[in-house]
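What follows is a set of notes on a single structure, which appears directly below.
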Amino acid sequence: MITIIDSNEYRLYKRLLNEMVACPPREGKVIRESFVVTSLEQNSDNANSKVTVDLKSKKIYTEYDYKSTFPNVEESLINLELDYWTGEFFSDNRIPNIVSNLEKDPESKRHVVTLWDNHLHLDENSIAPSTIYFYFRVVDNRLDLYTHARTSNVYFLTLMDIHIFRGLQQAIADKINKKVGNLNQVYDSLLVFNKDWENIVNQLSLIDNSPLWNNLCQM
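The opening position of the sequence shown corresponds to residue 421 in our numbering, with each subsequent residue numbered one higher.
Here you go:
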């Protein structure tokens, strides 16, 4: 089990990547795996999210240059992730309904968005969501977000999803006139795939030696 608490998403990701590399290796498609709990603490009033979730237009976009921090990541993967979460957040008015409920009763403990559907996702041929639910909770005038993932690929997508979820949290907090709170995440199975191993080793070297990464981890 890995537990990481930090107030900087880049530093949190760096620590997480180092912990995953240190996990006992095994043979096969997945060479490292761990149960992980993280908390991205929010100690200021501005979350400064890298991804924008526009609740009015129901779009998700970013102007952040991910290639500057992940040079081996394909642009198509970035766009696919943005498109995927646009569909998950706004299909069936999932997020708009939560926003409406938060405005009516911010203290309720029922502000949950469930993405998993047994009728659809037990089928091995279906495209099943990796993150299965979101729970929004207002505490001390701050909007905390809890997410639960059954699985996640630690190479790149874990950090990008943190940015997307933080962007969602920021958008909803602004809409309901609250400050951004903590982003708490549970990963039942955080993975290192064999195919990503070389990229992960190179990425860690970049993180350790890049002035850009050093600055990002100090913010």
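Note that beta-carbon positions come from the ideal geometry of N, C-alpha and C, so glycine has one too.
> Taking E483 as the reference, which of A569, F554 and I584 has the closest Cα?
Replying inline: Closest in C-alpha terms to E483, from the list A569, F554 and I584, comes I584.
> Hey, M421 and S454: beta-carbon distance below 8 angstroms or not?
Replying inline: yes
> For E447, is the classification buried or exposed, using 16 other Cβ atoms within 10 angstroms of its Cβ as the cut-off for buried?
Replying inline: exposed
>> Can you find the residues in the same chain that come closer than 7 angstroms, C-beta to C-beta, to A593, ignoring five residues on each side of it along the sequence?
In response: L563, K599 and V600
> Considering R530, what are the terminal residues of the beta strand (DSSP E) in which it resides?
Replying inline: Segment: none, R530 is in no beta strand (DSSP E) and carries neither H nor E.
> Whose C-beta lies closer than 6 angstroms to the C-beta of Y430 among residues of the same chain, with five residues either side of it excluded?
Replying inline: Taking C-beta separations shorter than 6 angstroms and ignoring five residues to either side along the sequence, the partners of Y430 in its chain run L636 and C637, following chain order.
> Hey, V532 and Y553 are a contact pair by Cβ (cut 8 angstroms); roughly how many whole angstroms apart?
Replying inline: 6 angstroms
> Looking at P445 and R435, is the spacing between their C-beta atoms short of 8 angstroms?
Replying inline: no
>> If you follow the alpha helix (DSSP H) that T578 is in, where does it begin and where does it stop?
In response: L577 to K595
> Using the C-alpha atoms, what's the distance from F556 back to D525?
Replying inline: 12 angstroms
> Among the residues of its own chain, which have a CB less than 8 angstroms from the CB of F613, if the five just before and after it don't count?
Replying inline: K449, V450, I451, N573 and Y575
> DSSP puts Y555 in a beta bridge; with which residues?
Replying inline: V532 and Y566
>> Extract the residue ranges of the beta strand (DSSP E) inside the segment 432-506, only unbroken runs of 3 or more that lie entirely within it.
In response: Qualifying beta strand (DSSP E) stretches, in chain order: 450-460, 472-474 and 479-481.
> Considering only C-alpha positions, which residue in the set T423, Y481, I480 and V456 is nearest to T571?
Replying inline: V456
> Taking C-alpha atoms, which residue in Y433, I425, N499 and D426 lies nearest to Q623?
Replying inline: Y433
>> Please report the distance separating the alpha-carbon of L579 from that of T506.
In response: Taking the Cα positions, L579 is about 17 angstroms away from T506.
>> Can you give me the C-alpha to C-alpha distance between N492 and W633, rounded to a whole angstrom?
In response: 15 angstroms
>> Excluding the 5 residues flanking E508 on each side, which residues of the same chain have their C-beta closer than 7 angstroms to its C-beta?
In response: L535 and P549
> Beta-carbon separation of E527 and I596 under 8 angstroms?
Replying inline: no
> Leaving out the 5 sequence neighbours to the left and right, which residues in its chain are closer than 6 angstroms to V606 when beta-carbon positions are compared?
Replying inline: V457 and H568
>> Relative to the C-alpha of T472, which candidate in I582, E618, S630 and N619 has its C-alpha closest?
In response: I582
> Where does the unbroken alpha helix (DSSP H) through D608 begin, and where does it stop?
Replying inline: No alpha helix (DSSP H) holds D608; the beta strand (DSSP E) holding it covers K599 to F613.
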